[in-house]
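Each remark here refers to the structure printed beneath this line.
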Amino acid sequence: MPLTKWVNEVFPELQIDDESLSESEKIMGKVFLFDFAERKYVLRDGRPVEANYDEAIRQWFSMLIITELDKFQIYSSTDFGISLAQFVGRKDIPMATITSEVSRQIIEAATKHPEITGIERFSISRSDGKATLHFDVITKRGKIEDVESEVKYSG
Numbered sequence: 000m001p002l003t004k005w006v007n008e009v010f011p012e013l014q015i016d017d018e019s020l021s022e023s024e025k026i027m028g029k030v031f032l033f034d035f036a037e038r039k040y041v042l043r044d045g046r047p048v049e050a051n052y053d054e055a056i057r058q059w060f061s062m063l064i065i066t067e068l069d070k071f072q073i074y075s076s077t078d079f080g081i082s083l084a085q086f087v088g089r090k091d092i093p094m095a096t097i098t099s100e101v102s103r104q105i106i107e108a109a110t111k112h113p114e115i116t117g118i119e120r121f122s123i124s125r126s127d128g129k130a131t132l133h134f135d136v137i138t139k140r141g142k143i144e145d146v147e148s149e150v151k152y153s154g
């Protein structure tokens, strides 16, 4: 059997009815909730729970912030992630400088998302071996307030 015929039998083409998809599904696809504390997808009755628009945006930011830029091969050539490792344990760099640079990186990365148009009220707080980033996200549908993401570090 020729390879192309075998591939077509094993991986059939699916016909998806675009009319039945919501606008956010057409843009972002289906997004399933992920519990970052438990490190697993949220299930209800054995099925993954679909995220609403705000949850999907918040989750995207959590993934962006915990993904070190160019560290993982799966993200190579995607510009997905930010460079936080360079600031871990650095007491010689003023907090205002770190906040400014991290904010710049997040804004630059975020505006590549098709639904995100900007970031407002960005701040970073550090305590107990973690940095907590707080900000509001401006999307094509409006503002998502009080987005928060934690990054654990040592030092």
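Following numbering that gives the first Met the number 0, the numbering of the sequence shown begins with 0 at its first residue and continues without gaps.
Using N, Cα and C, we set each Cβ at its ideal position, and we do this for glycine too.
*Who are the near neighbours of T138 in its chain, counting only those whose CB is closer than 7 Å to its CB and skipping five residues on each side?*
I56, E114, I115, T116
_Less than 6 Å between C-beta atoms, sequence neighbours within five positions excluded: which residues of the same chain meet that for T98?_
I123
*So what's T110 in DSSP terms, helix, strand or just coil?*
coil
*Report the three-state DSSP secondary structure of E37 (helix, strand or coil).*
coil
*asked:* Whole angstroms are fine: how far does the CA of V146 sit from the CA of V48?
replied: Cα to Cα, V48 sits roughly 20 Å from V146.
_DSSP-derived helix/strand/coil call for D145_ = Reduced to three states, the DSSP call for D145 is strand.
*If we ignore side chains and look at the alpha-carbon of each, how far apart do I65 and L83 end up?*
9 Å
_Taking DSSP's pairing of strands, which residues face P47 in a bridge?_
Answer is L42.
_Bridge-paired residues (DSSP) for F134_ = Under DSSP, F134 shares a beta bridge with V146.
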